[in-house]
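Quick note: the sequence shown uses this note's numbering, first residue -4, plus one each step. Idealized CB from N, CA, C, for every residue including glycine. Quick notes on the structure that follows.
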Amino acid sequence: EECLAHLFNLTAREVKRTMKQQGILSRKVQDINEHSKFYVDRRSLGVRGFSNRTWRLNIIWQTCTDGTAILVSVDTQDLKDEFPVEPGDVVASGYNIWILKTVDSLLEIPQTEVTYTSRVDIKGIVPPTIMNQLAKGFMRESVSELRKHFDKSRKIEENDVKNRVNIAKEARMLSTRPNKTMVESLQLLFDIIQPTVQAEKGGKGWGK
(Lines of atoms letter the chains of each structure in order from A and count residues from 1; the text may use other names and numbers.)
(Lines give C-alpha, C1' and ligand atoms only; values in the text may rest on other atoms or scores of the structure.)
Protein backbone atom coordinates (compact mmCIF):
# COMPACT_ATOMS: atom_id res chain seq x y z
CA GLU A 1 0.00 0.00 0.00
CA GLU A 2 2.85 2.40 0.83
CA CYS A 3 4.54 1.84 -2.54
CA LEU A 4 1.27 2.36 -4.38
CA ALA A 5 0.47 5.54 -2.46
CA HIS A 6 3.97 6.87 -3.12
CA LEU A 7 3.66 6.30 -6.87
CA PHE A 8 0.13 7.71 -7.05
CA ASN A 9 0.92 10.88 -5.10
CA LEU A 10 2.32 13.05 -7.89
CA THR A 11 2.49 16.26 -5.86
CA ALA A 12 4.07 15.09 -2.61
CA ARG A 13 6.72 17.37 -1.11
CA GLU A 14 9.40 14.75 -1.68
CA VAL A 15 8.39 14.41 -5.33
CA LYS A 16 8.59 18.16 -5.84
CA ARG A 17 12.12 18.20 -4.42
CA THR A 18 13.33 15.76 -7.10
CA MET A 19 11.45 17.21 -10.07
CA LYS A 20 14.29 19.52 -11.08
CA GLN A 21 16.78 16.64 -11.01
CA GLN A 22 14.50 14.72 -13.38
CA GLY A 23 14.29 17.64 -15.79
CA ILE A 24 10.63 18.33 -14.98
CA LEU A 25 9.95 22.02 -15.55
CA SER A 26 6.34 21.92 -14.39
CA ARG A 27 3.61 19.46 -13.42
CA LYS A 28 -0.13 20.02 -13.45
CA VAL A 29 -2.42 17.49 -11.79
CA GLN A 30 -6.20 17.11 -11.74
CA ASP A 31 -7.97 14.41 -9.76
CA ILE A 32 -10.57 12.39 -11.66
CA ASN A 33 -11.58 10.03 -8.84
CA GLU A 34 -9.94 8.03 -6.05
CA HIS A 35 -8.36 5.66 -8.57
CA SER A 36 -7.46 8.01 -11.40
CA LYS A 37 -5.70 11.30 -12.10
CA PHE A 38 -4.85 13.40 -15.11
CA TYR A 39 -1.46 15.07 -15.22
CA VAL A 40 0.74 17.05 -17.58
CA ASP A 41 4.52 16.95 -17.29
CA ARG A 42 6.67 19.49 -19.10
CA ARG A 43 10.29 18.35 -19.34
CA SER A 44 13.62 19.52 -20.59
CA LEU A 45 15.59 16.78 -22.35
CA GLY A 46 18.83 18.32 -21.13
CA VAL A 47 20.24 18.36 -24.65
CA ARG A 48 21.05 21.65 -26.35
CA GLY A 49 18.99 22.32 -29.46
CA PHE A 50 16.05 20.09 -28.50
CA SER A 51 12.65 21.52 -27.66
CA ASN A 52 10.96 20.82 -24.34
CA ARG A 53 8.61 17.85 -24.28
CA THR A 54 5.10 17.65 -22.85
CA TRP A 55 3.48 14.43 -21.64
CA ARG A 56 -0.28 14.29 -21.16
CA LEU A 57 -1.07 11.21 -19.10
CA ASN A 58 -3.86 9.50 -17.23
CA ILE A 59 -2.68 7.49 -14.22
CA ILE A 60 -4.95 4.69 -12.93
CA TRP A 61 -4.53 2.10 -10.18
CA GLN A 62 -6.41 -0.92 -8.92
CA THR A 63 -5.87 -3.90 -6.61
CA CYS A 64 -6.52 -7.53 -7.57
CA THR A 65 -8.18 -10.20 -5.45
CA ASP A 66 -4.79 -11.71 -4.57
CA GLY A 67 -3.58 -8.38 -3.18
CA THR A 68 -1.44 -7.46 -6.19
CA ALA A 69 -1.63 -3.76 -7.08
CA ILE A 70 -1.36 -2.45 -10.63
CA LEU A 71 -0.67 1.16 -11.57
CA VAL A 72 -0.73 2.32 -15.19
CA SER A 73 -0.10 5.70 -16.78
CA VAL A 74 -1.07 6.10 -20.45
CA ASP A 75 -1.42 8.88 -23.02
CA THR A 76 -4.64 10.84 -23.05
CA GLN A 77 -6.17 13.55 -25.19
CA ASP A 78 -8.41 14.81 -22.38
CA LEU A 79 -8.45 18.36 -21.03
CA LYS A 80 -6.64 19.93 -23.97
CA ASP A 81 -8.44 23.22 -23.47
CA GLU A 82 -7.84 23.31 -19.72
CA PHE A 83 -4.15 22.44 -20.09
CA PRO A 84 -2.91 23.71 -23.49
CA VAL A 85 0.57 22.83 -24.73
CA GLU A 86 3.17 25.58 -24.35
CA PRO A 87 4.22 27.21 -27.65
CA GLY A 88 7.28 25.48 -29.12
CA ASP A 89 6.88 22.32 -27.05
CA VAL A 90 6.62 18.86 -28.62
CA VAL A 91 3.94 16.48 -27.33
CA ALA A 92 5.65 13.19 -26.45
CA SER A 93 4.11 9.78 -25.87
CA GLY A 94 4.58 6.90 -23.47
CA TYR A 95 3.18 4.51 -20.92
CA ASN A 96 4.32 3.10 -17.60
CA ILE A 97 3.12 -0.06 -15.86
CA TRP A 98 3.91 -0.90 -12.24
CA ILE A 99 2.97 -4.26 -10.71
CA LEU A 100 3.39 -4.44 -6.93
CA LYS A 101 3.19 -7.79 -5.18
CA THR A 102 3.62 -8.49 -1.47
CA VAL A 103 6.16 -11.23 -0.71
CA ASP A 104 7.37 -12.86 2.51
CA SER A 105 8.79 -10.47 5.11
CA LEU A 106 12.52 -10.44 5.80
CA LEU A 107 13.37 -10.22 9.50
CA GLU A 108 9.91 -8.75 10.16
CA ILE A 109 10.44 -6.05 7.49
CA PRO A 110 7.63 -6.05 4.87
CA GLN A 111 8.86 -6.80 1.34
CA THR A 112 7.35 -5.89 -2.03
CA GLU A 113 8.23 -7.31 -5.43
CA VAL A 114 8.07 -4.60 -8.11
CA THR A 115 7.81 -5.17 -11.86
CA TYR A 116 8.17 -2.07 -14.02
CA THR A 117 7.56 -1.75 -17.76
CA SER A 118 7.88 1.49 -19.70
CA ARG A 119 7.80 2.75 -23.26
CA VAL A 120 8.68 6.34 -24.14
CA ASP A 121 8.55 8.10 -27.50
CA ILE A 122 9.89 11.64 -27.29
CA LYS A 123 8.96 12.26 -30.95
CA GLY A 124 11.07 14.06 -33.49
CA ILE A 125 14.37 12.94 -35.01
CA VAL A 126 16.72 11.93 -32.21
CA PRO A 127 20.12 10.22 -32.71
CA PRO A 128 20.20 6.69 -31.19
CA THR A 129 23.07 7.58 -28.82
CA ILE A 130 21.08 10.44 -27.28
CA MET A 131 17.90 8.34 -27.17
CA ASN A 132 19.71 5.54 -25.29
CA GLN A 133 21.10 8.06 -22.82
CA LEU A 134 17.66 9.54 -22.22
CA ALA A 135 16.08 6.09 -21.85
CA LYS A 136 18.60 5.14 -19.14
CA GLY A 137 17.83 8.40 -17.37
CA PHE A 138 14.07 7.77 -17.37
CA MET A 139 14.53 4.25 -15.95
CA ARG A 140 17.01 5.38 -13.34
CA GLU A 141 14.76 8.20 -12.16
CA SER A 142 11.68 5.99 -11.83
CA VAL A 143 13.10 2.84 -10.26
CA SER A 144 16.00 4.23 -8.23
CA GLU A 145 13.85 6.89 -6.60
CA LEU A 146 11.32 4.30 -5.45
CA ARG A 147 14.04 1.97 -4.16
CA LYS A 148 15.78 4.80 -2.33
CA HIS A 149 12.55 5.94 -0.69
CA PHE A 150 11.72 2.49 0.68
CA ASP A 151 15.23 1.20 1.33
CA LYS A 152 15.12 -0.81 4.59
CA SER A 153 18.62 -2.32 4.40
CA ARG A 154 19.80 -0.55 7.54
CA LYS A 155 16.68 -1.57 9.46
CA ILE A 156 17.03 -5.19 8.32
CA GLU A 157 20.67 -5.17 9.42
CA GLU A 158 19.71 -3.70 12.80
CA ASN A 159 17.02 -6.36 13.27
CA ASP A 160 19.49 -9.08 12.32
CA VAL A 161 21.98 -7.85 14.92
CA LYS A 162 19.19 -7.58 17.49
CA ASN A 163 18.09 -11.17 16.80
CA ARG A 164 21.63 -12.48 17.17
CA VAL A 165 22.09 -10.61 20.45
CA ASN A 166 18.81 -12.06 21.77
CA ILE A 167 19.86 -15.58 20.78
CA ALA A 168 23.20 -15.12 22.55
CA LYS A 169 21.41 -13.90 25.70
CA GLU A 170 19.06 -16.88 25.65
CA ALA A 171 22.01 -19.24 25.23
CA ARG A 172 23.75 -17.73 28.27
CA MET A 173 20.56 -18.01 30.31
CA LEU A 174 20.22 -21.69 29.44
CA SER A 175 23.82 -22.46 30.33
CA THR A 176 23.77 -20.66 33.70
CA ARG A 177 20.17 -20.97 34.85
CA PRO A 178 18.37 -24.15 33.73
CA ASN A 179 14.63 -23.84 33.40
CA LYS A 180 12.00 -26.26 34.67
CA THR A 181 11.90 -28.22 31.43
CA MET A 182 15.65 -28.79 31.53
CA VAL A 183 15.54 -29.95 35.17
CA GLU A 184 12.70 -32.39 34.44
CA SER A 185 14.59 -33.77 31.44
CA LEU A 186 17.73 -34.31 33.51
CA GLN A 187 15.72 -35.99 36.29
CA LEU A 188 14.13 -38.35 33.75
CA LEU A 189 17.57 -39.19 32.35
CA PHE A 190 18.85 -39.86 35.89
CA ASP A 191 15.91 -42.20 36.61
CA ILE A 192 16.66 -44.14 33.42
CA ILE A 193 20.39 -44.44 34.03
CA GLN A 194 20.30 -45.29 37.77
CA PRO A 195 18.79 -48.85 37.49
CA THR A 196 21.37 -49.73 34.84
CA VAL A 197 24.24 -48.58 37.04
CA GLN A 198 22.79 -50.47 40.04
CA ALA A 199 22.67 -53.67 38.00
CA GLU A 200 26.27 -53.26 36.87
CA LYS A 201 27.43 -52.71 40.51
CA GLY A 202 25.61 -55.70 41.97
CA GLY A 203 22.43 -53.88 42.86
CA LYS A 204 24.03 -51.04 44.81
CA GLY A 205 22.63 -47.64 43.99
CA TRP A 206 24.48 -44.35 44.00
CA GLY A 207 25.16 -43.15 47.53
CA LYS A 208 24.50 -46.57 49.05
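Own chain partners of residue i with C-beta closer than 7 Å, once the 5 adjacent residues on each side are dropped
| i | result |
| --- | --- |
| Q106 | V98, D99, S100 |
| G119 | V85 |
| G261 | This structure cannot speak to residue 261, because the chain is shown only from -4 to 203. |
Coarse secondary structure for residue i, derived from DSSP in three states
| i | result |
| --- | --- |
| K11 | helix |
| Q72 | coil |
| Q16 | coil |
| L129 | helix |
| T58 | strand |
| P105 | strand |
| T124 | helix |
Inter-residue Cα distance where the pair is residue i and residue j
| i | j | result |
| --- | --- | --- |
| D36 | G18 | 10 Å |
| L129 | T112 | 16 Å |
| L238 | L66 | Outside the modelled stretch of the chain, which goes from -4 to 203, sits residue 238, for which no answer is possible. |
| V109 | I92 | 10 Å |
| P79 | K23 | 11 Å |
| K15 | K96 | 30 Å |
| T49 | G83 | 10 Å |
With 16 other Cβ atoms within 10 Å as the buried cut-off, status of residue i
| i | result |
| --- | --- |
| S21 | exposed |
| T60 | exposed |
| K32 | buried |
| P38 | Correcting the residue type first, residue 38 is Arg in the shown sequence and not Pro. With 16 or more other Cβ atoms within 10 Å, it is buried. |
Proximal residues to residue i (C-beta, below 8 Å), its chain only, five neighbours per side dropped
| i | result |
| --- | --- |
| Q72 | R51 |
Sequence-distant residues of its chain with Cβ nearer than 6 Å to residue i (five each side left out)
| i | result |
| --- | --- |
| Y90 | V69, R114 |
CB of residue i within 8 Å of CB of residue j, strictly
| i | j | result |
| --- | --- | --- |
| I55 | Y34 | no |
| A87 | I125 | no |
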